[in-house]
Amino acid sequence: MNLISELSRTEQWFLAIFFILYLVYLGRIFWIARRLDTTARSSILKFILRSFYFGLMILALLNPSFGEMKGTIKAQGKDIFLLIDVSKSMDATDIQPSRIEKAKFEINRFINKFSNDRIGLIIFSEDAQMLSPLTFDRKAIDYLVPKINTDIFNEGGTNFTPALELAINKLSKTKSKAQSKAIILISDGENFGIVDKTIYSQIRRKGINFFAVGIGTLNGITLREGNNLKKDADGNNIITKLDATSMKKIASETRGKYLEINTVSNSFNDLINHVEEITSNLIDERQIDVIANKYFYFLIIALFLLGIDVFFTVRTFQL
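Position 185 of the sequence shown, counting from 1, maps to 184 under numbering that gives the first Met the number 0, and the rest follow consecutively.
Written as structure tokens, this is what we have:
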């Protein structure tokens, strides 16, 4: 037999004091019985009975267990990949403090809302890299999100294709149903690569929920490189703007939804609501050995003996 719980030091002291006081009480009973030249055998019987059921109650509190049972652990939720644009244009400050920092702030807020779902992180510029696979481990995600920046890739451009292909590939290998899978693309939309149309058809065919989140302003802002304005090969200032058209196109082609973060509005709450509406499905199921807690056997016997103690009275002294 194993005991799952244990008595604290304070509880042990209380029990010790209780038993000492009870022994003092019994000693007084026997002293009085001797003075009266009689016996107190009934008190001995009561003491034995009370000690027995009191001990059983303490044992029940310690959660005794013996034997093993098979238990099933089921994990239900959604599989969500966040695709974050880390191209140089995401350093633009038309959204304060910058597009990339605003995106990271909203991602943290999103992650806290979906603690029961598996979340994966993919960062991309012209290429894509999986920062975190699908995981329930919020500490790992919380550790990684602040490290996202625009210096991870040497390339400065943006190409959606590698990131979308990587997300689709990873989601295709999971056991959860298609309806519980989602891809969230966060970008300013300045895509300099051609998105293969087969990617759109794969997302539709696999039933993956798709959300495109555009971040930035339509007027845009001049990019800076340190304290200097960034210029192109012809010496002109490089202005970066939110390309809502390209983001809306992806959302339309995938039968998904387009949302936007700009200086006037923030649709990230709408994104959270949309994702909450996605049906959660069984992600994982495992058989484990479970310790069989048998406290109720000891408790039932203790209560039965307590009832005997209450309903059957005896005389303390035999005169």
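Ideal Cβ positions, reconstructed from N, Cα and C, are used throughout, including at glycine.
Quick caveat: nothing in here was measured; it's all calculated off a predicted structure.
Query, Result
"As assigned by DSSP and simplified to three states, the class of lysine 172", "coil"
"Supposed contact pair leucine 120 and leucine 184 - C-beta distance, whole angstroms, cut 8 Å", "That belief does not hold up - the Cβ atoms of leucine 184 and leucine 120 are roughly 13 Å apart, past 8 Å."
"Other residues of its chain near leucine 305: CB distance less than 7 Å, five sequence neighbours each side excluded", "Tyr52"
"Simplified DSSP state of isoleucine 277, which is helix, strand or coil", "coil"
"Coil, strand or helix - phenylalanine 13 by DSSP", "helix"
"Delimiting residues of the beta strand (DSSP E) encompassing aspartate 78", "78-84"
"Whole-angstrom distance between alanine 139 and alanine 232, CA atom to CA atom", "41 Å"
"Proximity of threonine 173 and serine 86 at Cβ, strictly below 8 Å", "no"
"Sequence-distant residues of the same chain with beta carbon closer than 7 Å to lysine 230, five excluded per side", "Asn236, Ile237"
"Runs of beta strand (DSSP E) wholly within the region 243-279 (minimum 3 residues, chain order)", "256-260"
"Cutoff 6 Å; reference valine 309; Cβ partners in own chain excluding five residues on either side", "none"
"Touch test, the region 159-168 against the region 212-225, Cβ-Cβ under 8 Å, three pairs minimum", "no"
"Element boundaries [beta strand (DSSP E), containing asparagine 107]", "Not the beta strand (DSSP E): asparagine 107 falls in the alpha helix (DSSP H), residues 98-112."
"Beta-carbon proximity list for isoleucine 94, same chain, < 8 Å, skipping 5 on both sides", "Lys101, Ile214, Gly215, Thr216, Ile260, Asn261, Thr262"
"Secondary structure of isoleucine 307, DSSP reduced to three states", "helix"
"Counted within 10 angstroms of its Cβ, other Cβ atoms place serine 171 as buried (16 or more) or exposed", "exposed"
"Residues bridged to glutamine 128 [DSSP beta-bridge criterion]", "Ile122"
"Local conformation of glutamate 154 per DSSP, three classes", "coil"
"Closest residue to asparagine 190 among Ala211, Leu302, Ser97, Phe295 (Cα-Cα distance)", "Ala211"
"Cβ-based neighbour list, serine 227, same chain, cut-off 6 Å, excluding 5 preceding and 5 following", "The question names serine, but residue 227 in the sequence shown is asparagine. For asparagine 227, where only same-chain residues beyond five positions count, there are no Cβ hits under 6 Å."
"Length at least 3, wholly inside the region 171-222: the beta strand (DSSP E) runs in chain order", "180-186, 208-214"
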